[in-house]
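Below: the structure, in structure tokens.
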Amino acid sequence: MTDTTEPTALLTAIDLTARDARVRKRHRAELRFRGYGIFSIGVAVAALLWLFTSLAVGGAGAVYTTYIKIDVHLDQTVIDPDATGDAAVFAKASYQSLIRSGLRNHFPGVTGRRDQRALNGLVTLAAPYLLRDIVLDDPALIGTKTGIWILASDEADLIARGKGTKRSTKSRNDGQAAWIAELRSQDRVERRFNWQFFTGGDSREPELAGILVAMIGSVLSLLVCFAVAFPVGVLAAVYLQEFARRTWITTLFEVNINNLAAVPSIIFGLLGLYIFLNVLHLPRSAPLVGGLVLALMTLPTIIIASRAALQSVPESIRDGALAVGASRVQAIFHHVVPIALPGMMTGTILGMARALGETAPLLMIGMVAFIVDVPKSILDPATALPVQIFLWADSPERAFVDKTSAAILVLLGFMVLMNAGAVLIRNRFEVRL
Amino acid sequence: MSMTENTATSLNAAAANSAPTQGGALLSARDIEVAYSGKVALSGVSLDILPNQVTALIGPSGCGKSTFLRCLNRMNDVIPGAKVSGEIMFDGHDILGADIDVVSLRRRVGMVFQKPNPFPKSIYDNIAYGPKIHGLAPNRDALDVIVRDSLERAGLWGEVHDRLKSPGTSLSGGQQQRLCIARAIAVKPDLILMDEPCSSLDPIATARIEELIDELRERYTIIIVTHSMQQAARVSQKTAFFYLGELVETGETDDIFTRPADKRTQAYITGRVG
Ligand SMILES: Nc1ncnc2c1ncn2[C@@H]1O[C@H](COP(=O)(O)OP(=O)(O)O)[C@@H](O)[C@H]1O
Ligand SMILES: [Mg+2]
Numbered sequence: 048m049t050d051t052t053e054p055t056a057l058l059t060a061i062d063l064t065a066r067d068a069r070v071r072k073r074h075r076a077e078l079r080f081r082g083y084g085i086f087s088i089g090v091a092v093a094a095l096l097w098l099f100t101s102l103a104v105g106g107a108g109a110v111y112t113t114y115i116k117i118d119v120h121l122d123q124t125v126i127d128p129d130a131t132g133d134a135a136v137f138a139k140a141s142y143q144s145l146i147r148s149g150l151r152n153h154f155p156g157v158t159g160r161r162d163q164r165a166l167n168g169l170v171t172l173a174a175p176y177l178l179r180d181i182v183l184d185d186p187a188l189i190g191t192k193t194g195i196w197i198l199a200s201d202e203a204d205l206i207a208r209g210k211g212t213k214r215s216t217k218s219r220n221d222g223q224a225a226w227i228a229e230l231r232s233q234d235r236v237e238r239r240f241n242w243q244f245f246t247g248g249d250s251r252e253p254e255l256a257g258i259l260v261a262m263i264g265s266v267l268s269l270l271v272c273f274a275v276a277f278p279v280g281v282l283a284a285v286y287l288q289e290f291a292r293r294t295w296i297t298t299l300f301e302v303n304i305n306n307l308a309a310v311p312s313i314i315f316g317l318l319g320l321y322i323f324l325n326v327l328h329l330p331r332s333a334p335l336v337g338g339l340v341l342a343l344m345t346l347p348t349i350i351i352a353s354r355a356a357l358q359s360v361p362e363s364i365r366d367g368a369l370a371v372g373a374s375r376v377q378a379i380f381h382h383v384v385p386i387a388l389p390g391m392m393t394g395t396i397l398g399m400a401r402a403l404g405e406t407a408p409l410l411m412i413g414m415v416a417f418i419v420d421v422p423k424s425i426l427d428p429a430t431a432l433p434v435q436i437f438l439w440a441d442s443p444e445r446a447f448v449d450k451t452s453a454a455i456l457v458l459l460g461f462m463v464l465m466n467a468g469a470v471l472i473r474n475r476f477e478v479r480l
Numbered sequence: 220m221s222m223t224e225n226t227a228t229s230l231n232a233a234a235a236n237s238a239p240t241q242g243g244a245l246l247s248a249r250d251i252e253v254a255y256s257g258k259v260a261l262s263g264v265s266l267d268i269l270p271n272q273v274t275a276l277i278g279p280s281g282c283g284k285s286t287f288l289r290c291l292n293r294m295n296d297v298i299p300g301a302k303v304s305g306e307i308m309f310d311g312h313d314i315l316g317a318d319i320d321v322v323s324l325r326r327r328v329g330m331v332f333q334k335p336n337p338f339p340k341s342i343y344d345n346i347a348y349g350p351k352i353h354g355l356a357p358n359r360d361a362l363d364v365i366v367r368d369s370l371e372r373a374g375l376w377g378e379v380h381d382r383l384k385s386p387g388t389s390l391s392g393g394q395q396q397r398l399c400i401a402r403a404i405a406v407k408p409d410l411i412l413m414d415e416p417c418s419s420l421d422p423i424a425t426a427r428i429e430e431l432i433d434e435l436r437e438r439y440t441i442i443i444v445t446h447s448m449q450q451a452a453r454v455s456q457k458t459a460f461f462y463l464g465e466l467v468e469t470g471e472t473d474d475i476f477t478r479p480a481d482k483r484t485q486a487y488i489t490g491r492v493g
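Chains as they are written, first to last, in our numbering: chain A, 48 to 480; chain B, 220 to 493.
Shown next, in the form of structure tokens:
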């Protein structure tokens, strides 16, 4: 009978090991898809690797710098002719001449103004001040002839690393290369960790330029940004999400907050320029103003993230609190907000990580200045990491290229830290429901 | 002194001696009508709730049982577009009145929900939260006593006394629901509303809660919404049958299940509707 044979016939019709055209085609399609996926990831990873290796190579050039050992005669008649032993007298002496004669003693054959200028250019322009500090530290050196390690100029540093300097003429370059080679043969050239880069402000001389002012400026700006944007953003989100009645006005607010999140940052910069500088007369170039502008810019992001975090808190939590007699405000602030807080923090940190990289709004409020002194408060002029990168990338000296790479690495390091912080907060404080 | 404060204090003062209102009823609802954004979900419901009894609300899904329950502690206030009219007398006040302080009302009318919803805090804090915000415990020791008392009455103390600091959400479903009952008890209510409290629990946990409801009847008045006829028969003394937004029939549970007056009730309890 048919009704008994049919099921068996059906079963045998499907061969589980068949590799017919249709099966092969399906397998090929799956393989192809995997191929595309791996290729795309490969492209992304390669691009990242390329970025990081080129940054790391450049950055290393800024993090290490060259020192040259020169025998300097710390002539008493120059430093302290009247043998006062007074530090104030030492401080006023002409150390420049001491260094120059030291250099001349190493290379007595160098004559002619141009060559001598090239020779003097081996050490940093700040060499006299460095030498003065050494003498002030140890006055016993006065009258002796000592080998002193002096910071090399950016040109000398590049040559010592076997790189050409764009701004030099070829003959100057060749001369300096020969001198450095000779100094090196006498073990008078050394690469050292460049503390100056992490402890100094900006400088026209690349070998002296540091990133500290920009780092502090960025940190202070972000603190101001957080202090303003987080409470305001969270309260706005709580009000909109939990208390406001749904009317066309709240809808209008919502749409506009979403629009604001997409407004180019330079517009916020202009707004800040007008409100904070022109109307409120806050100080230019100050982290206070930078932070306020970044706060304006981050606020929509924080509101959106916080509302999403509040929305994801189940209604049953609110019901539970209300049912034991909590008022609406108590239910929200005792139960809903604590649960939503990790999400709010994560959104805020990600918004601030974006603010950290913003250049345009800071340019508008003058945080683009050349600043040597480390800011001591949010009212002192400062610059910020992305702006520092912009400034150095724009400088003609070849040595600033390396500084730029190092500054980018520092900026990326900050961003990685903040994003890691966001992940940490999410994992650590997320409430299990 | 404002109207709200006035009412609040009198509601609180009367908490100790829950004086029954009309004809010995703890609560009496008259002509309740509820509309959600103009759509009527419940109409013409009048029901008396007697003290120290369990009243079961039964009826098919969507007939308005939860809606009615939420009128009794004004949880409908939270729902945008919900409009409640009628009169619910409780302790000499119409609790639907504008002068009622809902916080005081909810202290005296507790609620347990369909899905256990402990706060994502410790077991201790789950119970202690209500007493704390209502100032029921003058010090830490008094609070400890309330927590222990509530957990004991909810039959949970033995299972959790050595881990009061662990999160309430780490308990099993049945334990979580008993924790929610303990949380409701902790603020010393007169009336406890339970909206299908066992619908997400397994049969053993359900049996445990049913026993508990029977024990709680000594001190509290309970209204329970249930989908299970057997449960209604087991735990309740009074039953009210809702159908399509109306209260069809109410009476002694035994009568409703053996001699229903309305044929819609009969159809429902014999399994032909719903
Ligand atoms: N929040 C709400 N908004 C709009 N309509 C609702 C809401 N809650 C309940 N309803 C409607 O009211 C009616 C009764 O619902 P409900 O009281 O939940 O029924 P039950 O608890 O008996 O299943 C249903 O038609 C439902 O769709
Ligand atoms: Mg229901």
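For each residue, glycine too, the CB sits at the ideal point set by N, CA and C.
Return the first residue and the last residue of the beta strand (DSSP E) that residue i is part of.
{"i": "B/R249", "result": "246–255"}
{"i": "B/Y462", "result": "457–462"}
{"i": "B/E468", "result": "465–471"}
{"i": "A/R479", "result": "First-last for A/R479: undefined, no H or E at that position."}
{"i": "A/T64", "result": "Run containing A/T64: none; DSSP gives neither H nor E here."}
{"i": "A/S353", "result": "A/S353 -> not in any beta strand (DSSP E); alpha helix (DSSP H) instead, spanning 334–358."}
{"i": "B/L412", "result": "410–414"}
{"i": "A/F437", "result": "It is not in any beta strand (DSSP E) - A/F437 instead sits in the alpha helix (DSSP H) that spans 432–440."}
How is the alpha helix (DSSP H) around residue i delimited, first residue to last?
{"i": "A/E77", "result": "68–110"}
{"i": "A/E362", "result": "362–370"}
{"i": "A/T395", "result": "384–403"}
{"i": "B/K351", "result": "342–352"}
{"i": "B/K258", "result": "Element bounds for B/K258: not the alpha helix (DSSP H) but the beta strand (DSSP E), 258–268."}
{"i": "B/R402", "result": "392–404"}
From this set, the options, which residue's C-alpha is nearest residue i's C-alpha?
{"i": "B/R325", "options": "B/P337, B/A480, B/F338, B/F309", "result": "B/F309"}
{"i": "B/L375", "options": "B/E465, B/N336, B/R289, B/S391", "result": "B/S391"}
{"i": "A/R475", "options": "A/T393, A/L458, A/R401", "result": "A/T393"}
{"i": "A/L169", "options": "A/Q143, A/P389, A/L198", "result": "A/L198"}
{"i": "B/E471", "options": "B/D267, B/S419, B/V364, B/K258", "result": "B/D267"}
{"i": "B/P422", "options": "B/E378, B/S341, B/G393", "result": "B/G393"}
{"i": "B/R427", "options": "B/I442, B/I443, B/R402, B/Q396", "result": "B/Q396"}
{"i": "B/L383", "options": "B/C399, B/R372, B/A373, B/V366", "result": "B/V366"}
{"i": "A/L327", "options": "A/G106, A/I412, A/V371", "result": "A/I412"}
{"i": "A/A15", "options": "A/L320, A/A429, A/T348, A/L432", "result": "This structure does not reach residue 15 of chain A, given that chain A is present from 48 up to 480, and the question cannot be answered."}
Taking all protein chains shown into account, decide if residue i is buried (16 or more other Cβ within 10 angstroms of its Cβ) or exposed.
{"i": "A/F80", "result": "exposed"}
{"i": "A/H74", "result": "exposed"}
{"i": "A/N303", "result": "exposed"}
{"i": "A/D180", "result": "exposed"}
{"i": "B/N336", "result": "buried"}
{"i": "A/T100", "result": "exposed"}
{"i": "B/Q241", "result": "Residue placement at B/Q241 cannot be trusted, given a pLDDT of 48 that sits under 50; what the coordinates show is reported in the next sentence. Its Cβ having fewer than 16 others within 10 Å, B/Q241 is exposed."}
{"i": "B/H353", "result": "buried"}
{"i": "A/D427", "result": "buried"}
{"i": "B/T489", "result": "exposed"}
{"i": "A/I146", "result": "buried"}
{"i": "A/H382", "result": "buried"}
{"i": "B/Y462", "result": "buried"}
For my contact list, residue i and residue j are in at a C-beta cut-off of 8 Å; report their separation, rounded to the angstrom.
{"i": "B/T458", "j": "B/A451", "result": "6 Å"}
{"i": "A/A109", "j": "A/D449", "result": "4 Å"}
{"i": "A/V279", "j": "A/L346", "result": "6 Å"}
{"i": "B/D481", "j": "B/V454", "result": "About 22 Å separates the two Cβ atoms, so there is no contact after all."}
{"i": "B/L291", "j": "B/L435", "result": "With 8 Å as the limit, B/L291 and B/L435 do not qualify as a contact, their Cβ atoms being about 17 Å apart."}
{"i": "A/F323", "j": "A/L339", "result": "6 Å"}
{"i": "A/S312", "j": "A/A407", "result": "5 Å"}
{"i": "A/I189", "j": "A/I117", "result": "Between A/I117 and A/I189 the Cβ distance is about 17 Å, and since that is not below 8 Å, they are no contact."}
What residues in the region 356–379 of chain A bring their beta carbon closer than 7 Å to a beta carbon of chain B?
-> S363, I364, D366, G367, L369, A370, V371, G372, A373, S374, Q377
Against chain B: residues of the region 273–299 of chain A by CB proximity under 7 Å | R293
Give, in chain order, every residue of the region 327–356 of chain B whose Cβ lies closer than 7 Å to some Cβ of chain A.
-> G329, M330, F332, K334, N336, F338, P339, Y348, G349, I352, H353
Pull out every residue of the region 394–415 of chain B whose Cβ sits closer than 8 Å to any Cβ of chain A, in chain order.
-> C399, R402, A403, A405, V406
The region 286–304 of chain B: which residues have C-beta closer than 7 Å to a C-beta of chain A, in chain order?
-> N292, M294, V297, P299
Can you list, in chain order, the residues of the region 367–389 of chain B whose Cβ is nearer than 9 Å to any Cβ on chain A?
-> P386, T388, S389
Contact set between the region 304–327 of chain B and chain A, restricted to residues whose Cβ is under 9 Å from the partner = V321, V322, S323, L324, R325, R326, R327
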